[in-house]
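Going by full-length UniProt numbering, the first residue of the sequence shown is number 1, and it counts up by one from there.
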Amino acid sequence: MLGGFMMPGVLSLQTGLTKCMGLILSVASGLSIGNKAPLVHIAACIGRLVSRMFPRYRDDHAGATYLLSCAASAGIAVAFGSPIGGILYALEEVATFFPLPVMGMSFFCCLVATLTLQAFDPFKTGTMVAFQVTHNREWHLFELVPFVLVAVVGGLLGAAFNKWFVRIQLGRQQSMFCRNHPIQEAALLALVTAGFSYLTSFSRYPMLSLLGGLFRECKEENYHGMCNSDSLVWTCILLLYTVVIRFTTSVVTYGSQLPAGMFVPAMAIGAAGGRILGIMVSEVQSNFPEWPVFASCQFADRVCVTPGSYALLGAAAALTGVTRMTISIVVILFELTGALNFVLPTILVVVVAKFVADLVGGRDGLANLTIQLRGYPFLDPKDADRADPVVPFPLGHVMTPAENLVVLHNGMAVAQVRAALDRMPVGTFPIVDDPVRMGLEGCITRQDLEYALATSTTAARYPNAPVYFVSPVPATPGHASSEKTRLGTAGASSSSSSATAHAATRLATPETSTWFLPSPTGASAAPASASSSSTASPVIYVDVRAFTDATPLALPPTAPAALAHQLFCKLGLRYVYVKHAGRLCGLVTKKDMVRAAHAAQGTAAALQRERDQAPVLDPLIEPRVRQLAAVMGRASAAVSRAASRAPTSLARRAAEWSPRVRRMDSVEQDDLGDEFMVPLRQVGSPVGSDNWGGGSVTESPNLGVFRSLLGGSGNARG
């Protein structure tokens, strides 16, 4: 929703209360879920409720969106006791448009939320989080290698978690039991989790208490048996079992119809794995202190290696692998532990874990994967600056054509405008000079147009009164007599070229614009004089120019769709108009870009499957095929250059032809002689046909055509 899409009911009071009660029961049941992400949702519901109490935010969609960003920041600040981490979380993960003033508002919200939590002291220990600990030991240079190993393991765990989550969710969507019996599914998950978790002492404890024990140093207390030096091997085995159980139950539970988060489970899985590695490094150093690599431990305290520090870094690595966040995780862990001397290892671990997770499991974190699986409309701002664009074709392929839009123009009756509002549930209406020429002159949003008509007394009393969106409008008293006479004769016409003055411009609520103009004389005035006064004829119209955007952002149809993607993400736009030579060609909305991105991803997957399943050519013909592919590539570039200087229709056809020509883009680009410069119509669709780009992407030219062109006589396999 912070990306500009409206989802009714998601942030309602009923949703917030249901989420709160469900979260309490879910966490208390012992399921392998967290409470951090649901707290963000609950905070956003509170932010929406507060925004409706004040007219400034109730009527301002942008202001309400900024308030939601502040609420999300406060939710993370309360969840982790980390006000600065909450701000960075909203900046890095939640908000797609985060201006500088909103950062100050978010900081104030996080400060008040954290102080309120500290005043309540929910754990009666003086700490805001159950697993808040303090680390004050120094780290040694030889530990960088184990730290990197922790990062690699955490990144692999995070990538594996996301992959298994996607597979399980796809199976859950196809399962009739999960769709029709969500309560029974939740009860079954609770029963299975309790049964497997009860087998060991580590998995038996709640994850918040387990995290607190994993993070702590072994001093006087033996936290749940973790500091038992007599059975370290058994401790490592139990921790490994805990990792397996928590990983399995978390990946199955998350995605069910329960309020659940993955911050705490991911941290618990990574912390247990990091603790295992920390115990191993500590034992090696204790048994072989004379090794040169441990020379720095001679100047340290009695304990050189702290397994709790490895658990902390393991939690950061696993959380990074699952969410793909970086800066906010470092700051959150720093505020949790106060270990300023561990900031550098934490940064190293987070960077390496993200690199490994991106390399193995792709760039999308758990939140983006959930959005894709649920089918929510979302444009990821991280994709706006990619070297390979998400939508790799021109804007003309993405837009809704102008013939499918409802356009407005000067002189339309109030009843016609109301009918357009009822017929097309869109958020913006283009304004053109003429329905035939379609010259784009501006746009007006649905909200502004409805408000203008609702507050106009003329629109209420005169349903046939003309509406004027842009200049010119009928002249007001004080203009030349010839102008008044012409406007009085023509009524409320918008085609009079001489009525270009702006004397009637008003910047307030549209009112009745009635001017009594001198009646025309002569034969042409006879019909009018029969129904009007002998001294004046009223000119009644509705002026909504104050609500019209006369300079809407527009791009040509040959512009890359990636440019519109950047504008949507960086400027917070909801739509972009497409025009060519001043004429309206179409409209591109955020949802159009989302659909185009999904279609491009599906096309890329189909092309990759085609390459994987492509038949192997005979060695005698393969070199010639490579050479022909080089010719086709150069021809594609020439067609693209010509299309950029051609009309819109030809540009569309050339853009649709280019993917076909580039189907063998992975082959070598060898130089050819003139004898291989064959016309394109011989290997593809005819130039004069209407099937440009309409065929399947898996088509390939007939092998006989290749033989006739290349003169080869070998046989093809496959």
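Backbone N, C-alpha and C fix where the C-beta goes; we use that ideal spot for every residue, glycine too. Just so we're clear, the structure is a prediction, and the values are computed from it rather than from any experiment.
How should residue i be labelled, buried or exposed, when 16 other C-beta atoms within 10 angstroms of its C-beta is the threshold for buried?
i, result
"M53", "exposed"
"T116", "exposed"
"W291", "exposed"
"H565", "buried"
"V588", "buried"
"R56", "exposed"
"Q285", "buried"
"R58", "exposed"
"T455", "exposed"
"G586", "buried"
"N404", "exposed"
"I183", "exposed"
"A597", "buried"
"Q169", "buried"
"N368", "buried"
"G423", "Note that residue 423 is Arg in the sequence shown here, rather than Gly. Flag for R423 reads exposed."
Taking 8 angstroms as the cut-off, decide whether the C-beta atoms of residue i and residue j are in contact.
i, j, result
"residue 751", "L277", "Any property of residue 751 remains undetermined from this structure, which presents the chain solely from 1 to 718."
"L68", "L144", "no"
"K36", "F334", "no"
"G365", "V322", "yes"
"V303", "F147", "no"
"S32", "P265", "yes"
"G582", "G427", "no"
"M593", "L453", "no"
"L88", "I327", "yes"
"G396", "T134", "no"
"S256", "L189", "yes"
"T275", "L214", "Inspection of the sequence shows that residue 275 is occupied by Arg rather than by Thr. Yes, they are a contact pair."
"L258", "A186", "yes"
"A413", "A465", "yes"
"Y129", "A317", "Note on identity: in this sequence residue 129 is Val, with Tyr being the wrong assignment. It is not a contact, given that the beta carbons lie outside the stated cut-off."
"A79", "C110", "no"
"T96", "P381", "yes"
"G34", "G261", "yes"
Rounded to the nearest angstrom, how far is the Cβ of residue i from that of residue j, given a contact under 8 angstroms?
i, j, result
"K591", "P394", "Not quite, the Cβ-Cβ distance comes to about 18 angstroms (not below 8 angstroms), so this is no contact."
"V470", "A550", "6 angstroms"
"Y462", "I540", "6 angstroms"
"V352", "G155", "7 angstroms"
"V293", "F142", "5 angstroms"
"Y577", "L584", "7 angstroms"
"R324", "K354", "6 angstroms"
"C297", "H61", "Not a contact, Cβ separation roughly 60 angstroms."
Less than 6 angstroms between C-beta atoms, sequence neighbours within five positions excluded: which residues of the same chain meet that for residue i?
i, result
"A315", "M267, G270 and A271"
"G273", "V153, V243 and G314"
"G85", "S328, V331, I332 and E335"
"T400", "G586 and L587"
"V281", "P146 and V305"
"Y468", "N410, Y541 and D543"
"L210", "A268"
"P83", "A77, C110, L111 and T114"
Once you ignore the five residues that flank residue i on each side, which residues in its own chain have a CB closer than 7 angstroms to its CB?
i, result
"E217", "T306 and G308"
"Q132", "G81 and L336"
"L232", "I279 and E283"
"N180", "none"
"L555", "L395, L563, A564, V576 and V578"
"A72", "V40, A43, A44, A90 and V94"
"D674", "Bear in mind that a pLDDT of 36 at D674, under 50, signals an unreliable position, so the number given afterwards is only what the model happens to contain. Excluding positions up to five away in sequence, the list is empty."
Looking only at its own chain, which residues have a Cβ that is under 8 angstroms from the Cβ of residue i, when we skip the five neighbours before and after it?
i, result
"L13", "C45 and L49"
"T235", "G225, M226, N228 and I279"
"T127", "G81"
"R437", "R583"
"F5", "Y376, P377, F378, K590 and K591"
(request) Decide yes or no for the touch test of the segment 356-371 against the segment 389-397: beta carbon pairs closer than 8 angstroms, at least 3 of them. (result) no
(message) Assess contact between the segment 402-420 and the segment 429-436, defined as three or more Cβ pairs (one per stretch) separated by less than 8 angstroms. Is contact present?
(response) Cβ pair count under 8 angstroms is three or more, so yes.
(message) If contact is defined by three or more beta carbon pairs under 8 angstroms, each pair taking one atom from either stretch, is the segment 539-547 in contact with the segment 442-453?
(response) yes
(request) Assess, as a yes-or-no matter, whether the segment 16-23 is touched by the segment 37-48 under the definition of 3 or more beta carbon pairs within less than 8 angstroms. (result) yes
(request) Would you check if there are 3 or more beta carbon pairs closer than 8 angstroms linking the segment 163-176 to the segment 249-259? (result) yes
(message) With three or more C-beta pairs closer than 8 angstroms as the rule, is the segment 96-115 touching the segment 181-197?
(response) no
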